[in-house]
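Residue numbers (our numbering): 2 to 249. A quick write-up on the structure given underneath.
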Amino acid sequence: MRFFIELSYNGKAYHGWQNQPNAITVQEVVEKALSILLKRKISIMGAGRTDAGVHASQMFAHFDFYEAINSKDLVYKLNSLLPKDIAVANVFQVKDDAHARFHASGRTYHYRVSTSKNVFSYDYAYQMQLPLNVDKMNEACNILLQYSDFQCFSKSNTDVKTYYCNVKEARWERKENELIFVISADRFLRNMVRAVVGTMISVGLGKFKPGDLHQIIASKDRSEAGFSVPGHGLYLVRVDYPDCIKMS
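This is the structure:
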């Protein structure tokens, strides 16, 4: 039987989601906890691969187990066993062919930019005290929505077969002393959101004009786009799935 696990994590202490040979990851910690509680080796497949330091307020992963699970009991035990920076919200059975990564129909990320020095958000938002032209940044967002090939924002030397993404929304929102970049798409390339945010900040600083996005995207060249912001301000906030994966 296949089960989905819904969780959240503070990524500060981890080298991303996916297992790595010489670094601690969220996937590794969750797999160990599940294996202890279910008394057999459990492997999980996540909805995506967040980079080192990136956080998630909603992540899903799937795993297989040979018998029914008391979801409420397992959630309680997992949260008791897992470290304080990983929390499980739910465990539920899905159809046997449901896939946490391939069946995800949409993903939404937020990137936090602190516009004033804040000792409490220093580790969780990018600090930018220089004035940013948010109207120009949102103008650039509207241009972004006109395209689907985002090779210029992808990390080099990736093994993807296509650079096409269906970006459904992209905008900047003001919230007290922070700017929050909201972006939703069916899929994202490696480093894509961080590269988009860095490019948008360059627009806000006047280093690029909003219209430059046309040439940057058409170039398909990562060096033409802006810098990549650090991972600690990035949050995976929502993963969407079609109803067809659920048990009837």
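Cβ atoms here follow ideal geometry from the backbone N, Cα and C, with glycine treated the same way. As the structure is a prediction and not an experimental result, all values here were calculated from the model.
Closer than 8 Å is the cut-off here; do at least three beta carbon pairs connect the stretch 162-170 with the stretch 86-101? no
Status (buried if at least 16 other CB within 10 Å, exposed otherwise) for Gln28: Here residue 28 corresponds to residue number 27 of the sequence shown, with the count starting at 1. Counting Cβ neighbours within 10 Å, Gln28 comes out buried, since at least 16 surround it.
Would you mind sorting Tyr123 into buried or exposed? The rule is 16 or more other CB atoms within 10 Å of its CB. Your numbering for residue 123 matches position 122 in the sequence shown. Flag for Tyr123 reads exposed.
Whole-angstrom distance between Ser72 and Lys96, CA atom to CA atom: On the sequence shown, residue 96 is found 95 positions in, with the first residue counted as 1. On the sequence shown, residue 72 is found 71 positions in, with the first residue counted as 1. Lys96 and Ser72: Cα-Cα distance of roughly 16 Å.
As a quick exercise: from Asp222, Ile202 and Thr116, pick the residue whose alpha carbon is nearest that of Arg172. Locating residue 172 in the sequence shown gives position 171, where the first residue counts as 1. It is Ile202.
At least three beta-carbon pairs within less than 8 Å, the stretch 12-32 to the stretch 107-122: no
Chain-order list of residues whose beta-carbon lies under 6 Å from that of Leu133 (same chain, five-residue window excluded): Counting from one through the sequence shown, the residue named residue 133 turns up at place 132. Excluding sequence neighbours, Leu133 sits near Gly205.
Residue range of the beta strand (DSSP E) that Leu133 falls in? Mapped onto the sequence shown, residue 133 falls at position 132. Unbroken run through Leu133: none, as it is neither H nor E.
On the three-state DSSP scale, how would you describe Thr200? Indexing the sequence shown from 1 puts residue 200 at position 199. Three-state result, Thr200: helix.
Per DSSP, what are the beta-bridge partners of Asn91 in this structure? The residue given as residue 91 occupies position 90 in the sequence shown. DSSP output for Asn91 lists Glu7 as bridge partner(s).
Once DSSP output is grouped into helix, strand and coil, what is the label at Tyr125? The residue you call residue 125 lines up with position 124 of the sequence shown. Coil.
Would a C-beta distance cut-off of 8 Å place Gly234 and Val76 closer than the cut-off? Mapped onto the sequence shown, residue 234 falls at position 233. Mapped onto the sequence shown, residue 76 falls at position 75. Cβ distance not < 8 Å, so Gly234 and Val76 don't count as in contact.
Whole angstroms is fine: what's the gap from Lys98's alpha carbon to Leu39's? In the sequence shown, the residue the question calls residue 98 occupies position 97. In the sequence shown, the residue the question calls residue 39 occupies position 38. Checking the displayed sequence, the identity of residue 98 turns out to be Asp instead of Lys. Between Asp98 and Leu39, the C-alpha separation is close to 21 Å.
Of the listed residues Arg195, Met138 and Pro211, nearest to Phe228 (C-alpha basis): Taking the sequence shown and counting its residues from 1, the one referred to as residue 228 is at position 227. The shortest C-alpha separation from Phe228 is found at Arg195.
Can you tell me whether DSSP reads Ala141 as helix, strand or coil? The count along the sequence shown starts at 1 and reaches residue 141 at position 140. Ala141 falls in the helix class under three-state DSSP.
Sort Phe61, Glu170 and Val230 by Cα distance to Gln147 and report the nearest one. As a position in the sequence shown, residue 147 is number 146, starting the count at 1. Selected option, being the one with the closest Cα: Glu170.
Checking 8 Å against the spacing of the C-beta atoms, do Glu177 and Ala126 come in under that value? Residue mapping note: residue 177 aligns to position 176 of the sequence shown, counting from 1. Residue mapping note: residue 126 aligns to position 125 of the sequence shown, counting from 1. No. Outside cutoff.
Does any C-beta atom of chain D lie closer than 8 Å to the C-beta of Met248? Of the chains in the structure shown, none is chain D; there is only one protein chain.
Note down the Cα distance separating Leu79 from Ser157, rounded to an integer number of angstroms. Start at 1 with the first residue of the sequence shown, and residue 79 comes out as number 78. Start at 1 with the first residue of the sequence shown, and residue 157 comes out as number 156. Straight-line Cα distance between these residues: approximately 37 Å.
Just the Cα atoms here: how many angstroms apart are Asn244 and Ala105? Residue numbering aside, residue 244 sits at position 243 when the sequence shown is read from its first letter. Residue numbering aside, residue 105 sits at position 104 when the sequence shown is read from its first letter. The question names Asn, but residue 244 is Asp in the sequence shown. Each residue's alpha carbon lies about 11 Å from the other.
Nonlocal neighbours in the same chain, by C-beta distance under 8 Å from Ser220, ignoring five residues either side: Reading the sequence shown from its first residue, position 219 is the one you call residue 220. Cys153, listed in sequence order.
Could you tell me whether the Cβ atoms of Phe64 and Leu35 are closer together than 8 Å? Taking the sequence shown and counting its residues from 1, one reaches residue 64 at position 63. Taking the sequence shown and counting its residues from 1, one reaches residue 35 at position 34. Yes, the Cβ-Cβ distance between Phe64 and Leu35 is below 8 Å.
Considering only C-alpha positions, which residue in the set Ile246, Met248, Lys247 and Arg239 is nearest to Ala57? Translated into the one-based positions of the sequence shown, residue 57 becomes position 56. Of the candidates Ile246, Met248, Lys247 and Arg239, the one whose C-alpha sits nearest the C-alpha of Ala57 is Arg239.
Which residue or residues does DSSP assign as beta-bridge partners of Leu1? The first residue shown for the chain is 2 and the last is 249, placing residue 1 beyond what the model contains.
Over the uninterrupted alpha helix (DSSP H) stretch that includes Leu38, give me the two end residues. Within the sequence shown, numbered from 1, the residue matching residue 38 stands at position 37. Run containing Leu38: Val27 to Leu39, per the alpha helix (DSSP H) assignment.
Given a cut-off of 8 Å, decide if Ser224 and Met193 are closer than it, judged by their beta-carbon atoms. Numbered from 1 along the sequence shown, position 192 holds the residue referred to as residue 193. Numbered from 1 along the sequence shown, position 223 holds the residue referred to as residue 224. No. Outside cutoff.
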